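Okay, so here's the structure we're looking at.
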Amino acid sequence: METTIKKPDRARKKQLIADLIIIGLVSFAVLLFANRINAYSYDLSKPLMKRLCVTALCGQFAIAGLGITIVCIIRREKFTKFGLNTKNLLPALLLSLLCCVPDFIYNLARGHVHQWFPFYDVSMTPQLLEKSLPVKVCGLLITALFWGFFEGFNYVVIRDKISELAPSKYRFWDVGAFVCAVMCILIHGAVGVTSEAFLEMVCTLILIYGMLIVRKETDNAWGCVLIFFVYWNAL
16 METTIKKPDR ARKKQLIADL IIIGLVSFAV LLFANRINAY SYDLSKPLMK RLCVTALCGQ
76 FAIAGLGITI VCIIRREKFT KFGLNTKNLL PALLLSLLCC VPDFIYNLAR GHVHQWFPFY
136 DVSMTPQLLE KSLPVKVCGL LITALFWGFF EGFNYVVIRD KISELAPSKY RFWDVGAFVC
196 AVMCILIHGA VGVTSEAFLE MVCTLILIYG MLIVRKETDN AWGCVLIFFV YWNAL
């Protein structure tokens, strides 16, 4: 199905390209130090909360969050511009969760599903659960903010800017959503040549591309955030 597209003017194109370059450069710069940050996060000689805060800010947020935050500050764009509203909230949440079904079935068939708990696959969550209640609550809130909200919302902002730069006349084909899905596959190493690796790659593609199409169709981004709260790193 074809739709009418609105192309950005020359000045807006320059802005969008600059925004995407900033986001990319920030993430790439942080990736150069990824091994050091990762090593620090697993250094049990350091206090848990210190490791969590350093990893959350210098690692997770710096890769998925800092770039879009800088751009939004420069452009004076509010996060609400990118779908953080109550419009079509319930359909957005339910349809986004539906995008997780193929990936869930695949992992269930492979025996990779464990007891559900939000952010359990984040390396420091099991350690947090052994701590006192105040430390546990504080640590999980930090984890939810950086591994939940910002990781999901990061895809939304990048998708919106790419799709505004390169709009599609087809309703269910979206350049920004596809780029974000490929980006997720590459970052999380879901690339392979075996049949199992290919299935995993397809399921990840469906999940990320699907949630971003839902964001586009409903004009609501909370479903993308929800996935990173209740599914990604949770099973």
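For the sequence shown, my numbering assigns the number 16 to the initial residue and increments by one for each residue that follows. Ideal placement from N, C-alpha and C gives every residue a C-beta, glycine not left out. Just so you know, these numbers come straight off a predicted model, no measurement behind them.
Straight-line spacing of the CA atoms in I173 and F165 works out to 12 Å. The Cβ atoms of C218 and P117 sit closer than 8 Å to each other. Counting only residues of its own chain and dropping the five nearest sequence neighbours on each side, I37 has a CB closer than 8 Å to the CB of G82, I85, V86, I89. About 7 Å separates the CB atoms of A249 and F134; that is less than 8 Å, so the two are in contact. In the displayed model, Y246 falls within coil according to three-state DSSP, outside both helix and strand. When the beta-carbon positions are compared, C239 and F168 come within less than 8 Å of each other. Straight through space, the alpha carbons of E92 and K21 are spaced by roughly 20 Å.
For Y57, the secondary structure class from DSSP, reduced to helix, strand or coil, is coil. With a 10 Å radius around the Cβ and a threshold of 16 neighbouring Cβ atoms, I202 comes out exposed. Contact check between the stretch 57-64 and the stretch 31-45: fewer than three CB pairs, one atom from each, fall below 8 Å, which does not count as touching.
Residue G154 holds the alpha-carbon nearest to the alpha-carbon of A71 among K184, K96, G154, L222. Sixteen is the threshold: since fewer than 16 other Cβ atoms of the shown chains lie within 10 Å of the Cβ of R25, the residue is exposed. When secondary structure is reduced to three states using DSSP, N103 falls in the coil class, being assigned neither helix nor strand. One thing to note: D189 has its Cβ within 8 Å of the Cβ of I228.
Residue burial is scored here from C-beta neighbours: F187 has fewer than 16 other C-beta atoms within 10 angstroms and is therefore classed as exposed.
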